[in-house]
Every structure is written in C-alpha cells, then in structure tokens.
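Heads up, the sequence shown is in full-length UniProt numbering, so the first residue is 1 and it goes up one at a time. Ideal placement from N, C-alpha and C gives every residue a C-beta, glycine not left out. Okay, structure first, notes after.
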Amino acid sequence: MSTNQAVLSGILESGKFTKVIQRPFPVIDDDQILVKAVAFAANPTDWKHAVYQIGHEGDIAGSDASGIVEQVGKNVKGFEVGDIVSSFMHGNFSTTRGAFSQHFIADPVTTIRYDKTQIKNTQLPVGVTPSGTVDTFEGAASVTLSLTTVAFTFADSFKVSYDKSKNANKTVLIWGGATSTGIIAIQVAKEIYGLNVIATASKKNHEFLLSLGADQVFDYNDSNVIEDVKKAANGSIAYAYDTVSSEETFQQTYDATEGSPDVILENLMNLSEDLLKLDSSRKVTFSKLLAYVADGRTHHVFGHDFVATPESLKNYNQFWNDIVPDLIKTIKTPNLKVLESGLESANEALALVYENRVSAQKVVFRP
Numbered sequence: 001m002s003t004n005q006a007v008l009s010g011i012l013e014s015g016k017f018t019k020v021i022q023r024p025f026p027v028i029d030d031d032q033i034l035v036k037a038v039a040f041a042a043n044p045t046d047w048k049h050a051v052y053q054i055g056h057e058g059d060i061a062g063s064d065a066s067g068i069v070e071q072v073g074k075n076v077k078g079f080e081v082g083d084i085v086s087s088f089m090h091g092n093f094s095t096t097r098g099a100f101s102q103h104f105i106a107d108p109v110t111t112i113r114y115d116k117t118q119i120k121n122t123q124l125p126v127g128v129t130p131s132g133t134v135d136t137f138e139g140a141a142s143v144t145l146s147l148t149t150v151a152f153t154f155a156d157s158f159k160v161s162y163d164k165s166k167n168a169n170k171t172v173l174i175w176g177g178a179t180s181t182g183i184i185a186i187q188v189a190k191e192i193y194g195l196n197v198i199a200t201a202s203k204k205n206h207e208f209l210l211s212l213g214a215d216q217v218f219d220y221n222d223s224n225v226i227e228d229v230k231k232a233a234n235g236s237i238a239y240a241y242d243t244v245s246s247e248e249t250f251q252q253t254y255d256a257t258e259g260s261p262d263v264i265l266e267n268l269m270n271l272s273e274d275l276l277k278l279d280s281s282r283k284v285t286f287s288k289l290l291a292y293v294a295d296g297r298t299h300h301v302f303g304h305d306f307v308a309t310p311e312s313l314k315n316y317n318q319f320w321n322d323i324v325p326d327l328i329k330t331i332k333t334p335n336l337k338v339l340e341s342g343l344e345s346a347n348e349a350l351a352l353v354y355e356n357r358v359s360a361q362k363v364v365f366r367p
C-alpha cells in the first residue's frame, strides 16, 4: 500500500518548491499516531527549509495538518482510532515525517484532539473564509504550529504566571500581530494570562487585532512607531515577542522596549543579540525559540542542535495538557485563504507565503 506526498523538489524557485510523489505507506512506532489527512496549512518555516536548504530534495513538506486518527501506538494515551486531530511536526526535513501527505505520522505531545461535535465535516469553499472559532478541518490545520510556539514562549521562555492578578500591570509587546503566531499570541496573552497587549501591524489589520483582544495596535510602517509604543507602554513592557524575526524587526522590538526596566525578548529565528545595537545600561534577557523541540527530540537546524530541557518540556506540557483542551474551543483562527484541493496546491501555498502575499491569513488546502 502507498500514499501520495508533496516533497521538497530541490528547486529554489517560488512556485516550484515541491513535487508530488508516491511512497510506501508510513509506519508508526509505539509512541506515535497515524493520521489520514483532511486539511493542511502552510507556514513560513516550510519555504525557509527549502530556500535556505535546511531540508533536502525528497523530504516531506509541511508542518501543519488535521485529519482523522487511523492507527495508535501501543504506548499512546488519550487518543483512539477515529479521533479528529490536528498536529504540528518538524516537516521539510525528513523522508518519513512531514504534514503534506495523505497519511502522516503525528506525535501526541504536539497533537490536539477535538470533540467530534466541534469540527464540521464541511469543506470550505475556495477563497477567503473570515476568522472564527475552530470548527472545520481547515481551521484546525491552521492553528497547531502557532499554538505550540506560543505555548512554549509564554509558559517557558516568559514563564508568565497563570495568576492574572499578578499580570495586571504587565504588558507584552507583540511585533507582527497579524502573523499567524501573533494572532494566537494576542488571544493567549489576554485570555489565559490577563496581560496588557500592545501589537504592531499594518493599519488594515488594526480592527481585527483589537477584536482578538489587543489593547492597542500601532502601524509598523509609521516612522514614529517605536516612540508611539514606548509612550503607550509607559515602562510596563515585561515581555516582547518578535513574531516576524528579521534583523530589522528584532532591532525595532528591542528599541520599542526602551524605558521598561526588565524585559524578556524572544524571537523565532534564532537571531543573536550580537546583531543588535545595544544599550549597555538596559536589562534585557534574550531568548530564542524553535518550537520543534516540543516533541522532546534533538533538532539540528542552522548548524546547531536544539533540544528542550526537562524543565522546559514540563512547562510546555502543563500548558498543552491543562490549557489547550478548553482554549481550542474558543480561540479564533487567522482568516483562511483556501486553495483548490490537491497536494499540487502545496506549491501555490508556499509561494503565497514566501512572496508575502498573505496578511492576517493562513493558507490552507485539502489533499
């Protein structure tokens, strides 16, 4: 028996990052789940693995998918055949693991199980579906990587207290509030932690981010944006989250926290503070996150080995097991840009993200 997969093509040209091939049916180990895919979502990490040649030709593309459980390893607890799930994995890096496959292997620790009454068995039409709660397979596919990332950031890197009364006077700055991670981070910061939320985004997305729970949103295109953020925060920024993670946004995020006495600043691309123009009088703790480590394995990326400490996994798993089951019932997805069905749509999906042709949207498609 075989299954179709969209794999990295080895061609470093937008629109040609993947090709569809047929491979033997995947085999799980005792600690894994086999899922029949129903929907996929594209992420920046997918094209980055192709363009930066972190992955190689033949590696299964994709990091986010949803579907129905077909097999459960004998050591796995909390999942059974027939469950509706969404999962995040380190795709684009292996010939056996990746999301864009008719059947994919999932790890329980990065997989969300849904009540069957929550997810409608209705395919979304091609086009844009506005943001809403997770009630379709496309919506489920759109949130898992972002939620894993945000869980690790707030529960471990920031170590925010779950006691909202302790966070009443603290602000989180989310630079890039309309990214997929930013959209989830705004909601988690407000709903779970009760933080004051300041975000940056293009002006067209301000109303949307305010509706998600942001207290104030500033246009990152405005020449005065850094001063505006500093004035609004009034020294209250305890946490800063650069969800874009370019050298430019890393510096902007750092500069916008000036005046806040003790800040933890995290980026998502392993950027070093050595890239920044620093003020030696300031107290800023820098943190880097690769969400892949949530599965407990060692991941070799950017020439380095990344692995979570036991304490980090404990903090992440507490959030994943205690918070996510209720949160997933209320959290809002990005707006969903739905493509034609077929693994061939992986090329269009990755091109849209690579060419920055989506804003406050997640690109999704079905097999």
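What did DSSP end up calling residue i once you bin it into helix, strand or coil?
i, result
"Ile-84", "strand"
"Glu-57", "coil"
"Pro-24", "strand"
"Glu-13", "coil"
"His-49", "helix"
"Ala-361", "One detail in the question is off: residue 361 reads as Gln in this sequence, not Ala. Correct three-state label for Gln-361: strand."
"Leu-210", "helix"
"Asn-75", "coil"
"Glu-258", "coil"
"Ile-192", "coil"
"Val-38", "strand"
"Thr-181", "helix"
"Asn-43", "coil"
"Ala-232", "helix"
"Asn-205", "helix"
"Thr-95", "coil"
"Ser-66", "strand"
"Ser-223", "coil"
"Lys-170", "coil"
"Phe-218", "strand"
"Gln-102", "coil"
"Gln-5", "strand"
Would you decide whether residue i is buried or exposed? Buried here means 16 or more other CB atoms lie within 10 Å of its CB.
i, result
"Asp-274", "exposed"
"Gln-53", "exposed"
"Arg-97", "buried"
"Ser-63", "buried"
"Phe-218", "buried"
"Ala-168", "exposed"
"Ser-345", "buried"
"Thr-309", "exposed"
"Gln-22", "exposed"
"Thr-153", "buried"
"Leu-278", "exposed"
"Glu-267", "Looking at the sequence provided, one finds Asn at residue 267 rather than Glu. Under this definition Asn-267 is a buried residue."
"Thr-333", "buried"
"Gly-78", "exposed"
"Thr-285", "exposed"
"Thr-122", "exposed"
"Phe-104", "buried"
"Phe-25", "exposed"
"Lys-203", "exposed"
"Leu-12", "exposed"
"Thr-302", "First, the amino acid is wrong: residue 302 is Phe here, not Thr. So Phe-302 ends up on the exposed side."
Using the Cα positions of residue i and residue j, report the straight-line distance between them to the nearest angstrom.
i, j, result
"Ile-186", "Ala-256", "18 Å"
"Leu-276", "Glu-247", "8 Å"
"Lys-231", "Asn-224", "11 Å"
"Ser-131", "Ile-119", "15 Å"
"Val-134", "Ile-331", "7 Å"
"Asp-115", "Ser-157", "30 Å"
"Leu-212", "Gln-251", "26 Å"
"Leu-209", "Ala-351", "25 Å"
"Ser-280", "Gly-176", "26 Å"
"Ser-101", "Ala-201", "33 Å"
"Val-150", "Lys-159", "12 Å"
"Arg-282", "Ile-237", "13 Å"
"Tyr-254", "Leu-265", "7 Å"
"Val-228", "Gly-259", "Before going further, note that residue 228 is Asp rather than Val in the sequence given. Cα to Cα, Asp-228 sits roughly 12 Å from Gly-259."
"Arg-357", "Asp-83", "34 Å"
"Leu-343", "Ala-50", "17 Å"
"Leu-290", "Trp-47", "16 Å"
"Asp-31", "Gln-5", "22 Å"
"Glu-355", "Val-35", "30 Å"
"residue 369", "Lys-288", "Outside the displayed span of the chain (1 to 367) sits residue 369, for which this structure offers no information."
"Phe-365", "Thr-129", "12 Å"
"Asp-163", "Leu-195", "10 Å"
Could one say the Cβ of residue i lies closer than 8 Å to chain D's Cβ atoms, at least one of them?
i, result
"Ser-142", "Among the chains in the structure shown there is no chain D, since it carries only a single protein chain."
- the region 186 to 202 / the region 319 to 333 touching (three or more Cβ pairs under 8 Å): A contact exists between the region 186 to 202 and the region 319 to 333.
- Would you check if there are 3 or more beta carbon pairs closer than 8 Å linking the region 11 to 25 to the region 236 to 243? no
- Message: My parser needs the beta strand (DSSP E) runs of 3 or more residues fully inside the region 114 to 161; what are they?
- Response: 127 to 129
- In chain order, which beta strand (DSSP E) runs of at least 3 residues are fully inside the region 266 to 354? 284 to 288, 299 to 301, 304 to 306 and 335 to 338
- Message: Would the region 140 to 149 count as touching the region 36 to 54 if we require 3 or more Cβ pairs under 8 Å?
- Response: Verdict: yes, contact present.
- Message: Under 8 Å: do the region 172 to 186 and the region 312 to 320 share three or more Cβ pairs, one atom per stretch?
- Response: no
- Message: Measuring CB atoms only, is the region 83 to 95 touching the region 280 to 295, in the sense that at least three cross pairs come out at less than 8 Å?
- Response: yes
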